[in-house]
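Sequential numbering from 2 applies to the sequence shown in our numbering.
Beta carbons are placed, not taken as given, at the ideal position from N, Cα and C, and that holds for glycine.
Owing to the predicted nature of the structure, the values given are computational and were not obtained by experimental measurement.
Notes to accompany the following structure.
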Amino acid sequence: MSLKPDSIVSLLKFLDYDFLTDEQFDKICDLDINNQEEQLQVIRTVLVPEYYGLNEKGQQSMKKVLEMCLEEKNPNLDRVFVSITMPFKSEIVDWKAFFKNIYKELFGEK
2 MSLKPDSIVS
12 LLKFLDYDFL
22 TDEQFDKICD
32 LDINNQEEQL
42 QVIRTVLVPE
52 YYGLNEKGQQ
62 SMKKVLEMCL
72 EEKNPNLDRV
82 FVSITMPFKS
92 EIVDWKAFFK
102 NIYKELFGEK
């Protein structure tokens, strides 16, 4: 099964301007998404609570997408960014590390 951009969008949509609550936005908008500690803060503030708000099927789907992101050598993320606008001053430089951090926060070490 190959990784589709839509699958990644379903995972990252929670970081889109349109999905963030004002409270979430205020907590993460000034953070440096490429700084390890601040990236973890973003994940803990937005993605972890959103994950636990999903039903079991949604949680399984998110885990599968994360696993596919980690297994993919060079995920093509170009189409993802047409769909998502994140509130950070810079773009994410190391996507693999970002996906790994999300996975670690939700499920522990892989």
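Item                                                                                                                                                              : Value
The alpha helix (DSSP H) spanning Y53 covers which residue range?                                                                                                 : V49 to G54
Determine the burial state of S91: buried for a count of at least 16 other Cβ atoms within 10 Å of its Cβ, exposed for fewer.                                     : exposed
Give the single residue among E38, T46 and M69 whose Cα lies nearest to the Cα of S8.                                                                             : M69
Determine the direct distance from the alpha carbon of D31 to that of D53, and round the result to whole angstroms.                                               : Note on identity: in this sequence residue 53 is Tyr, with Asp being the wrong assignment. The alpha-carbon atoms of Y53 and D31 are separated by roughly 25 angstroms.
Do you know whose CA, among I93, E72 and S62, lies nearest L12's CA?                                                                                              : S62
Does the CB of I103 have a neighbour CB from chain C at under 8 angstroms?                                                                                        : Chain labels in this structure do not include chain C; a single protein chain is all it has.
With 16 as the cutoff for other CB atoms within 10 Å, does Y18 come out buried or exposed?                                                                        : exposed
Could you check where the alpha helix (DSSP H) with D95 kicks off and where it finishes?                                                                          : Premise fails: D95 is in no alpha helix (DSSP H) and is neither H nor E.
So the alpha helix (DSSP H) G115 belongs to, where does it begin and stop?                                                                                        : The displayed coordinates of the chain run from 2 to 111. Any statement about residue 115 would go beyond what the structure contains.
Go ahead and label F15 buried or exposed: buried means 16 or more other beta carbons lie within 10 angstroms of its beta carbon, across all protein chains shown. : buried
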